[in-house]
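Let me begin by presenting the structure, written as structure tokens, before commenting on it.
Number of protein chains: 2
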Amino acid sequence: MDDNSTAPPLRTRDRIVEHADRLFYEGGYDHTSFATIAAEVGISRGNFHHHFKAKDDILAAVIERRRNSTAAMLRSWERVAATPTDRLGCFIDMVAENRQDIMRFGCPVGSLCSELAKQEHSLLGASGTIFEQFRTWLREQFEQLDVAQEPDDLAMHLLAMSQGVAVLANVYKDPEFVAREVARMHRWLDDTVER
Amino acid sequence: MDDNSTAPPLRTRDRIVEHADRLFYEGGYDHTSFATIAAEVGISRGNFHHHFKAKDDILAAVIERRRNSTAAMLRSWERVAATPTDRLGCFIDMVAENRQDIMRFGCPVGSLCSELAKQEHSLLGASGTIFEQFRTWLREQFEQLDVAQEPDDLAMHLLAMSQGVAVLANVYKDPEFVAREVARMHRWLDDTVER
DNA sequence: GTCTATATACCGATAGAC
DNA sequence: GTCTATCGGTATATAGAC
Chain A
14 MDDNSTAPPL
24 RTRDRIVEHA
34 DRLFYEGGYD
44 HTSFATIAAE
54 VGISRGNFHH
64 HFKAKDDILA
74 AVIERRRNST
84 AAMLRSWERV
94 AATPTDRLGC
104 FIDMVAENRQ
114 DIMRFGCPVG
124 SLCSELAKQE
134 HSLLGASGTI
144 FEQFRTWLRE
154 QFEQLDVAQE
164 PDDLAMHLLA
174 MSQGVAVLAN
184 VYKDPEFVAR
194 EVARMHRWLD
204 DTVER
Chain B
14 MDDNSTAPPL
24 RTRDRIVEHA
34 DRLFYEGGYD
44 HTSFATIAAE
54 VGISRGNFHH
64 HFKAKDDILA
74 AVIERRRNST
84 AAMLRSWERV
94 AATPTDRLGC
104 FIDMVAENRQ
114 DIMRFGCPVG
124 SLCSELAKQE
134 HSLLGASGTI
144 FEQFRTWLRE
154 QFEQLDVAQE
164 PDDLAMHLLA
174 MSQGVAVLAN
184 VYKDPEFVAR
194 EVARMHRWLD
204 DTVER
């Protein structure tokens, strides 16, 4: 199954989504035009509408792609980290590992949701499900730790801290600030799970 | 001084800035057009360029206006709160008081900076000075408290927490989440300043 | 200072040849 | 599936009458 390595060049539709994902992150959804995406992919603007009827359809595909990559990342953390505490640490370390992109473009999830919220975009709810993936996964880790506070509150708080760091990192572009806040989140986690 | 109450109708330029301030907050800078602002103010698009040469000039004026209102707010906190701890509490309470707007449009400062950062806008630095106003003021309060940690780190952390709450409040639109995080920030402040 | 009219450019989206 | 050509709409910005 799926062993036909003769499907190599990656279908045009997938290449569009791949490039749109990056361009939406780097420049924002509204600010990224068909012309920009088409130029990056190397196709004409006209060919575009053969794969996607409207721009919103591309955004929906990008969100779906990000949901898949998020799910894969969460699964990888479950593989490399044995305990729930270590898995929560993986989430915190993600901020440190992606600090270069975060300082340049912010958080991919948070910045997209913020833009869609301002424009009252119909896909705000869909983009919010990516936050929901993290929230649910974080809550599950806290639930396994039998902590004193509500697991969902702790999940939301950890999510909020990561978003706050992302916004200020994007503004100040200070890697030392990110390092300090990441260390602070690790200390918070230790204080929260120890009992 | 300044007793000439004969300058009542507020000059057109000021009315433009006033409406642009609100519209940029509610809908974002790039997404807000001249036509929208002109309609709100009640003038024609043509009249617009008599007061502002380019759109960036309006943004610069809006940022200046927000800097003034921020400075006024910080001064008011210094009046109503006697101790540095109470003043820091005023900052935290601001999140609770503005929760309705925050849930609808996010943080005025954070959301503007995030948008400008994505577009590599030349006025990102100018908008960042509003964050700097809060940062400096918060740091000064912590300095007066002789806390164990670096006052600037504490200022940035408090700023980051408020931004994180704003982003998630904007996505989930959950007033109870805001209330919980505000209470959590107050507890954090108490734990940080007590010694 | 305010208006109408318009220039110029880009946007998303469509039509149709190949 | 990919292309060229183009439509209709809107954006910022300008010119000039009043």
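Listed in order, the protein sequences are those of chains A and B.
According to the working numbering, the first sequence is numbered sequentially starting from 14.
According to the working numbering, the second sequence is numbered sequentially starting from 14.
Ideal Cβ positions, reconstructed from N, Cα and C, are used throughout, including at glycine.
Within the model, the alpha-carbon separation for A/ARG79 versus A/LEU36 is close to 13 Å. With a 10 Å radius around the Cβ and a threshold of 16 neighbouring Cβ atoms, B/LYS66 comes out exposed. The continuous alpha helix (DSSP H) containing A/TYR38 extends over residues 25-40.
Classified as buried, B/ASN183 has 16 or more neighbouring CB atoms from the shown chains inside 10 Å of its CB.
Three or more pairs of CB atoms, one per stretch, sit closer than 8 Å, so the stretch 191-202 of chain B contacts the stretch 90-108 of chain B. One finds GLN176, GLY177, VAL180 and LEU181 in chain A with Cβ atoms closer than 8 Å to the Cβ of B/GLN176, taken in chain order.
One thing to note: A/ILE50 has its Cβ within 7 Å of the Cβ of A/ALA33. Any Cβ of chain A closer than 7 Å to the Cβ of B/ASP34 would place that residue at the interface, and such an atom is absent. The alpha-carbon of B/ALA85 is positioned some 19 Å away from that of B/ALA73. With respect to chain A, the C-beta atom of B/SER127 has a partner C-beta closer than 7 Å. Along the length of the stretch 138-181 of chain B, whole alpha helix (DSSP H) runs at least 4 residues long do not occur.
Under the 7 Å criterion on CB atoms, A/MET169 is classed as interfacial with respect to chain B. Three or more pairs of CB atoms, one per stretch, sit closer than 8 Å, so the stretch 173-190 of chain B contacts the stretch 112-124 of chain B.
Along the stretch 130-150 of chain B, the positions whose C-beta sits under 7 Å from a C-beta of chain A are ALA130, LYS131, GLN132, GLY141 and PHE144, read in chain order.
Looking from the CA of A/HIS62, the closest CA among A/THR25, A/GLU39, A/GLN113 and A/GLU189 belongs to A/THR25. Proximity to A/GLN162 across A/ALA94, A/VAL206, A/ILE29 and A/ASP99 peaks at A/VAL206, based on C-alpha coordinates. Residue contact with chain B for A/GLY59: absent (no Cβ-Cβ distance below 7 Å to any residue of chain B). The beta-carbon distance between A/SER127 and B/SER127, rounded to whole angstroms, is 6 Å. This is short enough to meet the 8 Å contact definition. Note on geometry: alpha-carbon atoms of A/ASN81 and B/GLN146 lie some 40 Å from one another. Taking 7 Å as the CB threshold, A/VAL93 stays off the interface with chain B.
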